[in-house]
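What follows is a single structure, written as structure tokens, with notes after it.
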Amino acid sequence: MSGETQKSRWLNPLLAALLVAGAQTAALGYMIESRASILRSGREVLLKTVPVDPRDLLRGDYVILSYDISRIEPELFTGGFPAEEKEAQIYVRLEQQLDGFWTVTQAAFQPLAAAGDTVVLRSLPFVYYPSTPPAPVNVEYGIERFYVPEGEGRTLEEARNAEALSVDVRVDAGGKAQIREIAVNGSPVYEEPLY
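Mapping to the working numbering: the sequence shown position 53 is 42, numbers consecutive.
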């Protein structure tokens, strides 16, 4: 066997390993930058949390968050409801209220156009089951968990259950949200770093 043949056998696995490592690094970098991009330049929205069933308070090292915008009443929907069971996403228009919190003023199963000083938030995909008459729709936005240092979740749970917890999220132009800051009685207690 010649030296060139031995060298090429050794280079092929090395080249493959370098390509895989490069692809993994690029994928990880993309995920980190897409999240940081929302936090850096997304539209700021302050949300009010609501209490959660105490049997599901803390699982591991994260706090479960629920929002008043997570339950959407049927009268807020425009464009109708799907007639059959299907995987769907809901788009909600948020408007800032006098107290500084944002609330749902319109919802639809199709994208909503930007309008005035509102923000359009997109839910995570879910299976919609039609009902007659239409029932309120419960959705998640991907901001329902907040990871905290070990043992520090109880304070946030107590504030959440006392309705003293607020969440500052950033929403990008596509309607995707990221938690930016958690506050208790208006005072920041956790801020998410960009990276």
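Note that beta-carbon positions come from the ideal geometry of N, C-alpha and C, so glycine has one too.
**Q.** According to DSSP, residues forming a beta bridge with Asp57
**A.** According to DSSP, which records beta bridges pairwise, Asp57 is partnered with nothing at all.
Q: Tell me whether Ile171 sits in a helix, a strand or coil according to DSSP, three-state version.
A: strand
Q: Spatial neighbours of Ala5 within its chain, please: CB distance less than 6 Å, with the 5 preceding and 5 following residues excluded, ordered by chain position.
A: none
Q. Going along the chain, which unbroken runs of the alpha helix (DSSP H) with 4 or more residues stay wholly within the region 112 to 184?
A. 142 to 150
Q. Would the C-beta of Val158 count as close to the ligand NAP, meaning under 7 Å from any of its heavy atoms?
A. Absent from the structure shown: the ligand NAP. Ligands present: none.
Q. Quick one: Cα of Ala16 to Cα of Phe70, how far?
A. 37 Å
Q. When the Cα atoms are used, what is the spatial distance from Ala148 to Val173?
A. 6 Å
Q. Relative to the alpha-carbon of Ser234, which residue among Leu65, Thr38, Glu64, Pro63 has its alpha-carbon at the smallest distance?
A. The question about residue 234 has no answer here: the residues shown for the chain are numbered -10 through 184.
Q.
Can you list, in chain order, the residues of its chain with a C-beta nearer than 6 Å to that of Pro63? Leave out the 5 residues immediately preceding and following it.
A. Pro123
Q: Could you check how far apart the C-beta atoms of Tyr80 and Ala97 are, in whole angstroms? I think they sit under 8 Å.
A: 5 Å
Q: Measure from the alpha carbon of Gly131 to the alpha carbon of each residue in Val158, Gly140, Pro177, then state which is nearest.
A: Val158
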